[in-house]
Amino acid sequence: MRAFGDLYTALDETTRTNEKLDALVRYFSAAPPADAAWVVYFLSGRRPRQVVPRNKVREWANEIAGISEWLFGECYDAVGDMAETITLLLPETGASSDRPLSYWVEERLLPLRKATEEEQKAAVTGAWRELDRAQRFIWNKLLSGAFRVGVSQRLITRALASVGGIEDSMVAHRLMGSWEPTPGFYEGLISLESDGADVGRPYPFFLAHPLEGGTEALGDPADWQAEWKWDGIRAQLIRRAGQTFLWSRGEELIGGGFPEIAAIGDLLPDGTVLDGEVLPWNEEGVMPFAHLQRRIGRKALSKKILGEVPAVFLAYDLLEIEGRDVREQPLAWRRERLERLGVRVSPLVDFGSWDDLAAQRAACRDRGVEGLMLKRKTAPYRVGRVRGDWWKWKVEPFTVDAVLIYAQRGSGKRASLYTDYTFGIWDGGQLVPFAKAYSGLTDAEIRQVDSFVRRNTVEKFGPVRTVKPELVFELAFEAIQRSTRHKSGIAVRFPRILRWRQDKRAEGADSLETVRSLLL
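Under this note's numbering, residues 1060 to 1579 are what the sequence shown spells out, in order.
Printed below as a string of structure tokens:
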């Protein structure tokens, strides 16, 4: 527990990649496999579901600290993190634990799921008495089920590969799919021996970088393959050992939600892995992503929803054939064999010059796509976001000038600043909420807006402040659609702040009528 606390502190206190990498390598080189397995589990974004209700943990902490609920609320608003707030409020005990992390997770945390409330309280408060401040913070994080730290999956992979003396790609593949944080799993993770991957394990996804410098820097257009950039769920369709698996990029098995795609997988030759996109698709072609959301997360699929939102798997790469990993083969080689399989394949975009392709990109929205994917024909299928071989050339986003109307404090390191904003647009002389955005401003601009919010608060609703409608911001977003769930009747995808329009007064912001015109 102490070693993990030291690692967490080291990762949290630096933004330097090499320092984070060194801290990870030091930890994994010395940690027992039982502890290391759980650290990989937590740092890679996996976590057991919350075992104790948050309100109960908060109640017990208030009781021990001797403070009222309203005071805890004020502290939480200032800190922005429940685990850290409780850690700071609990009195020091002078205790510290030498027990390993695996003990605290397996013997003290996970059994709480089946415990009574009285047993949970005794276990949680008992742990607070046994741990020092740094250890209590880790314990509180684990209790909350919201363990996060600033380290990427790529960095974890590099550290483990360094410890094991193996290739990064081998570690990345072993970390994909379903696995349990056991000593045996960890030892296999960094072993030089054959990985013994389970039959359904997907490959790490190859991700593209945004194209920002223009196509001229890419050289001869003949060296590149262009495809439409679809707006769906990135997935791998796997057929191995007589079984079919459909994995999302978020490493979730989603075949149960798309039985028509699983049925297609059943027809593939054994030992086949395809990379592609799950899309809502009817007789008229691709449908907006919002339709697909109606199927995501459903426990049961009715005939009605299957009929209204049919789905397809559009393949654009071949990763395995006849049980052989072919990712190192050139893209042109993989594409040619993909087309032989008889599955639905993402069509190539025919172009003779970059100017020709740019003209086709300008009409992407009419096709229901987000832009273009540019892929070097000689490129292998790499791991993660590697610059140079795959580029996404998206269409320019929609933009709207909107007025800041509500603000709320952020979380983590921004817990003391108002960084979460709601923006409004004009409708009949009134501002109606239009979109929320949290990114796009510089640190200096955030401090300026925070100061404005504090000086110009009109009303408070819990953590939310209504502010004078004076600040105008240009927002960008990728897609727009009608919505009965939003007061404006409009919903947008991926809203973010492009710039602070200090040159524009609130009266000059856009109207709902203008925004509705973007739907046409």
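C-beta atoms are modelled at their ideal positions from N, C-alpha and C, and glycine is treated no differently. A quick note: this is a predicted structure, and the numbers were derived from the prediction, not measured.
Q) Is it buried or exposed for T1501, if we count other Cβ within 10 angstroms and need 16 for buried? A) Label assigned to T1501: exposed.
Q. Do the region 1417–1426 and the region 1365–1376 touch if we need at least three Cβ pairs shorter than 8 Å?
A. Of all C-beta pairs linking the region 1417–1426 to the region 1365–1376, fewer than three are shorter than 8 Å, placing the two stretches out of contact.
Q: Kindly indicate which three-state DSSP category H1545 falls into: helix, strand or coil?
A: Residue state, collapsed to three classes: coil.
Q: Express the C-alpha separation of E1275 and F1410 in angstroms, rounding to a whole number.
A: Taking the straight line from one Cα to the other gives about 14 Å.
Q) So what does DSSP say about R1555, is it helix, strand or coil? A) Correct three-state label for R1555: strand.
(Q) Judging by CA-CA distance, which residue of I1145, D1140, L1431, S1510 is the nearest neighbour of A1580? (A) The first residue shown for the chain is 1060 and the last is 1579, placing residue 1580 beyond what the model contains.
Q. If you drop the 5 nearest sequence neighbours on each side, which residues of the same chain put their C-beta closer than 6 Å to that of V1230?
A. Answer for V1230: T1216, L1219, A1220, listed in chain order.
Q | Residue closest to K1079, alpha-carbon to alpha-carbon, out of G1209, E1151, A1142 | A | K1079 has its Cα closest to that of G1209, out of G1209, E1151, A1142.
Q: Select from K1363, G1483, P1150 the residue whose C-alpha is nearest the C-alpha of T1184.
A: Nearest to T1184 by C-alpha distance, out of K1363, G1483, P1150, is P1150.
(Q) Am I right that P1261 and I1297 are in contact with their C-beta atoms under 8 Å? What's the rounded C-beta distance? (A) Their Cβ separation, rounded to whole angstroms, is 6 Å, which keeps P1261 and I1297 in contact under 8 Å.
Q: Just the C-alpha distance for L1214 and D1081, rounded to the nearest angstrom, thanks.
A: Near 10 Å, if we compare the C-alpha coordinates of D1081 and L1214.
Q | Where S1307 falls: helix, strand or coil (DSSP) | A | It is a strand residue.
(Q) Just list the residues that DSSP pairs F1536 with in beta bridges. (A) DSSP lists F1457 as partners of F1536.
Q) Residue range of the alpha helix (DSSP H) that F1087 falls in? A) 1076–1089 is the extent of the alpha helix (DSSP H) around F1087.
(Q) Please report the distance separating the alpha-carbon of D1376 from that of V1084. (A) Rounded to whole angstroms, D1376 to V1084 spans 34 Å at the Cα level.
(Q) By alpha-carbon positions, which one of S1156, H1545, I1145 ends up nearest to E1122? (A) Checked all of S1156, H1545, I1145; the closest Cα to E1122 is I1145.
(Q) Please give the ranges of any alpha helix (DSSP H) in the region 1455–1527, keeping only runs that are unbroken, at least 4 residues long and fully inside the region. (A) If one requires a minimum length of 4 residues, the alpha helix (DSSP H) runs lying completely within the region 1455–1527 are 1502–1514, in chain order.
Q: Identify whether D1329 lies in helix, strand or coil by the three-state DSSP scheme.
A: D1329: coil per DSSP, three-state reduction.
Q) Just curious, the beta strand (DSSP E) that Q1284 is in, first and last residue? A) For Q1284, the enclosing beta strand (DSSP E) begins and ends at 1283–1288.
**Q.** For Q1352, the first and last residue of its enclosing alpha helix (DSSP H)
**A.** Counting along the chain, the unbroken alpha helix (DSSP H) around Q1352 starts and ends at 1348–1352.
Q) Can you tell me the Cα-Cα spacing of G1427 and V1454, whole angstroms? A) V1454 has its alpha-carbon roughly 11 Å from the corresponding atom of G1427.
Q: Taking D1334 and E1429 to be in contact with their CB atoms under 8 Å, please state how far apart those CB atoms are, rounded to whole angstroms.
A: With a Cβ gap of about 17 Å, D1334 and E1429 do not count as contacting.
**Q.** Start-to-end residues for the beta strand (DSSP E) that takes in D1376
**A.** 1370–1380 is the span of the beta strand (DSSP E), which, as asked, contains D1376.
(Q) Pop quiz: Y1086 and V1098 are said to be a contact at Cβ under 8 Å. What is the actual Cβ separation, rounded to whole angstroms? (A) Indeed they touch by this definition, with Cβ atoms about 7 Å apart.
Q) To the nearest angstrom, how far is it from the Cα of V1508 to the Cα of W1306? A) When rounded, the separation of the alpha-carbon atoms in V1508 and W1306 is 42 Å.
Q: Within its chain, find whatever has a CB closer than 6 Å to the CB of A1349; leave out the 5 residues flanking it on each side and keep chain order.
A: Excluding residues within five positions, the ones whose Cβ falls inside 6 Å are Q1540.
(Q) DSSP has G1259 in a bridge; who is on the other side? (A) The partner list for G1259 (beta bridge, DSSP) is empty, contrary to what the question assumes.
Q: Following the continuous beta strand (DSSP E) through M1432, name the residue where it begins and the one where it ends.
A: Taken as a continuous stretch (DSSP letters only), the beta strand (DSSP E) holding M1432 covers 1430–1435.
Q. What do you reckon, are the CB atoms on G1301 and D1257 nearer than 8 Å?
A. No. Outside cutoff.
Q) Can you tell me the Cα-Cα spacing of A1008 and L1326, whole angstroms? A) In the structure as shown, the chain begins at 1060 and stops at 1579. Residue 1008 is therefore absent and cannot be evaluated.
Q: Check the C-beta distance from I1484 over to L1476 and give it rounded, since I have them as a contact under 8 Å.
A: Incorrect: roughly 25 Å between the Cβ atoms, too far for contact.
Q: Go to R1298, then tell me how far its beta strand (DSSP E) extends in each direction, as first and last residue.
A: Unbroken beta strand (DSSP E) run through R1298: 1292–1299.
Q | Environment of L1234 [buried if 16+ CB atoms lie within 10 Å] | A | It is buried - the Cβ of L1234 has at least 16 other Cβ atoms within 10 Å.
Q.
One question on the structure: do D1486 and K1563 come within less than 8 Å of each other, judged by their Cβ atoms?
A. No; because the gap between Cβ atoms is not below 8 Å, this pair is not in contact.
(Q) Rounded to the nearest angstrom, what separates G1382 and T1331 at their Cα positions? (A) Roughly 6 Å between the two C-alpha positions.
**Q.** Distance between Q1352 and V1111 (C-alpha atoms, nearest Å)
**A.** If you draw a straight line from the Cα of V1111 to the Cα of Q1352, it is about 30 Å long.
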